[in-house]
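**Q**
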Amino acid sequence: MDGNDFSSTSSKVSSFSVPQTPRSEGEILQSSNLKSFSFAELKMSTRDFCRDGVLGRGSFGSVFKGWIDEHTFAAAKPGTGMIIAVKRLSQNSFQGHKEWLAEVNSLGQLSHPHFVKLIGYCMEDEHRLLVYEFMPQGSLEASDPLSWNLRLKVALDAAKGLAFLHSAKVIYRDFTTSDILLDSSYNAKLSDFGLAKDGPTGNATHISTRVLGTYGYSAPEYSATGHLTTKCDVYSFGVILLEMLSGRRVHDMSEPYGDPNVLKWAKPYLANKRKIFRILDDRIEGQYTMDEAYKVATLALRCLSTGAKFRPTMDKVVTELEQLQES
C-alpha cells in the first residue's frame, strides 16, 4: 500500500464503533491523552505541507514529516524538536472521514507498547489530520531484508499488539505487512486501525460485515461469508509469518495462477521438515537452525488452517514465539 510508513492506505468504510453523523468534534470519544491541533499549527509544523516532506501517499491523502516541541507539542522550526508524521485526509472523502474517526477513537482509547502512538488530531472546518509518532524504519512491507533474529523479534512484537487488541474485544480486520511499522531499534508497532471492528458480544460467535480486506491476507471464511472473528486476524498473521520466512510477498506466492490461497503453495513445504528449506529466504541462510525454522513454519501452518477452530489464539502465538526466542 502507498503511504504505509505511518498508516496504511485505504478508502474503505470503517466500523470501529463509529457514529454515522454528525461530522463534528463531538464524534470523538473523550481522551485526555490526545492533543487537538489547529490547522495553522500543523501547516507550520510541516512547512506548509511541503512536497519535500512527503513520507507517503495513498487513497486517503498524504503523510508529511513535521516537527513539534517535545514538551509543549507546539509547532517547531523544521529540523528542531520532535519529528512527527502528519496524515492529511483528502477533503473529498466522506468514507475517509469515518476511517479517520475510527483511528482517533481506537488509538485514543487503546494504548499499548506495540501500537503506534497517536499524539493528536486536527478537525477544523473541512480539514482532517492525524499526528503520529515518527517511525524511522517505515513499514515491514517496505523495509530492507531483516536478519532472522530481527524477523522473530518483529513477529513477536506484532503478535503481542494483536493479542492485546483481541483482549479488548476488537478485530483488526485487514492486517498486512504495511500495518507493521518499525522504530529506530526495530521495535514493531501496529498502525492503521481505521478498519478495526468491535468483536462479537454475548453468545454470538462472529459478526457479519461487508467483506473488506487486502488480496491474499483475508481468511477464506471471511472472504466467502463476511463472518468476522479474531481467528481471521490469526490467518492474516500466518500469511505475514509465511512472508517473513520466505522473503516473498503473498502476491508472488500465488503465481502463476493468481490463486489467493497461499496455503496451496506453501503447505507441501511447511509440513515437511526435509522440504522446508526450499521456501526459506536464502538471504538469511545460516542464521537459524532447521529446528527453529520448522517451529516457525508449523506455527504459520496452524495459523493458516482452513478451519478457523484449528487456528491458535494470538495469545498462544505469543507464547510459542517467546519460547522460540528463549531457546
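Going by our numbering, the sequence shown opens with residue 90, and the numbers climb by one from there. We treat Cβ as the ideally placed atom computed from N, Cα and C, and that holds for glycine.
Leu207 and Gly250 look like a contact to me (Cβ under 8 Å); what is the Cβ gap, rounded to whole Å?
**A** Taking the first residue of the sequence shown as position 1, residue 207 is located at position 118. Taking the first residue of the sequence shown as position 1, residue 250 is located at position 161. With 8 Å as the limit, Leu207 and Gly250 do not qualify as a contact, their Cβ atoms being about 14 Å apart.
**Q** On the DSSP letters alone, give me the boundaries of the alpha helix (DSSP H) that Leu254 sits inside.
**A** Numbered from its first residue, the sequence shown carries residue 254 at position 165. From DSSP, the alpha helix (DSSP H) with Leu254 extends over 237-256.
**Q** Would you mind sorting Gly168 into buried or exposed? The rule is 16 or more other CB atoms within 10 Å of its CB.
**A** The residue you call residue 168 lines up with position 79 of the sequence shown. With fewer than 16 other Cβ atoms within 10 Å, it is exposed.
**Q** Assign Tyr324 to one of two classes, buried (16 or more other C-beta atoms within 10 Å of its C-beta) or exposed (fewer than that).
**A** Counting from 1 along the sequence shown, the entry for residue 324 is found at position 235. Tyr324 should be labelled buried.
**Q** List the endpoints of the continuous alpha helix (DSSP H) containing Cys321.
**A** As a position in the sequence shown, residue 321 is number 232, starting the count at 1. Looking at the DSSP string, the run of the alpha helix (DSSP H) that includes Cys321 is 319-335.
**Q** I'd like to check one pair, Ile269 with Ala257: are the Cβ atoms closer than 9 Å?
**A** What you label residue 257 is simply residue 168 of the sequence shown in a count that begins at 1. What you label residue 269 is simply residue 180 of the sequence shown in a count that begins at 1. It is not a contact, given that the beta carbons lie outside the stated cut-off.
**Q** Thinking just about the alpha-carbon of each residue, which of Gln180, Thr265, Asp281 is nearest to the one in Gly197?
**A** Locating residue 197 in the sequence shown gives position 108, counting from the first residue. Residue Asp281 is the option with its Cα nearest to Gly197.
**Q** So for Ser416, helix, strand or coil by DSSP?
**A** Within the sequence shown, numbered from 1, the residue matching residue 416 stands at position 327. Coil.
**Q** Pull up the DSSP beta-bridge partners for His216, would you.
**A** If you number the sequence shown from 1, residue 216 lands on position 127. Its beta-bridge partners are Glu213.
**Q** On the criterion of 16 or more Cβ atoms from any shown chain inside 10 Å, does Tyr358 qualify as buried, or is it exposed?
**A** Position 269 of the sequence shown, counted from the start, is the residue given in the question as residue 358. Tyr358 comes out buried.
**Q** Cutting at 8 Å between CB atoms, please list the residues of its own chain near Val107, excluding the five before and the five after it.
**A** Taking the sequence shown and counting its residues from 1, one reaches residue 107 at position 18. Any answer about Val107 is weak, because its pLDDT of 35 lies below 50 and its placement is not dependable; what the coordinates show is given next. Cβ neighbours of Val107 beyond the five flanking positions: Glu116, Lys187, Leu190, Ala191, Asn194.
**Q** Taking DSSP as the reference, what is the three-state secondary structure of Met224?
**A** Along the sequence shown, one-based indexing puts residue 224 at 135. Met224: coil per DSSP, three-state reduction.
**Q** First and last residue of the alpha helix (DSSP H) that includes Leu271?
**A** Within the sequence shown, the letter at position 182 stands for residue 271. Careful: Leu271 lies outside any alpha helix (DSSP H), inside the beta strand (DSSP E) at 269-271.
**Q** What is the rounded straight-line gap between the Cα of Ala397 and the Cα of Leu413?
**A** Position 308 of the sequence shown, counted from the first residue, corresponds to residue 397. Position 324 of the sequence shown, counted from the first residue, corresponds to residue 413. Each residue's alpha carbon lies about 24 Å from the other.
**Q** Apart from the five residues just before and just after Lys320, which ones in its own chain have a Cβ nearer than 6 Å to its Cβ?
**A** Residue numbering aside, residue 320 sits at position 231 when the sequence shown is read from its first letter. Once the five neighbours on either side are set aside, the close Cβ partners of Lys320 are Ala397, Arg400.
**Q** Check this for me: beta carbons of Ile368 and Thr265, under 9 Å apart or not?
**A** By 1-based counting over the sequence shown, the position of residue 368 is 279. By 1-based counting over the sequence shown, the position of residue 265 is 176. Contact: no.
**Q** May I have the straight-line CA-CA distance separating Met403 from Ser151, to the nearest angstrom?
**A** Translated into positions along the sequence shown, residue 403 becomes position 314. Translated into positions along the sequence shown, residue 151 becomes position 62. In a straight line, the C-alpha of Met403 is about 32 Å away from that of Ser151.
**Q** Work out the CA separation of Asp214 and Arg227 for me, nearest whole Å.
**A** Numbered from 1 along the sequence shown, position 138 holds the residue referred to as residue 227. Numbered from 1 along the sequence shown, position 125 holds the residue referred to as residue 214. First, the residue type needs correcting, since residue 227 is Gly and not Arg in the sequence shown. The straight-line gap from Cα to Cα measures roughly 31 Å.
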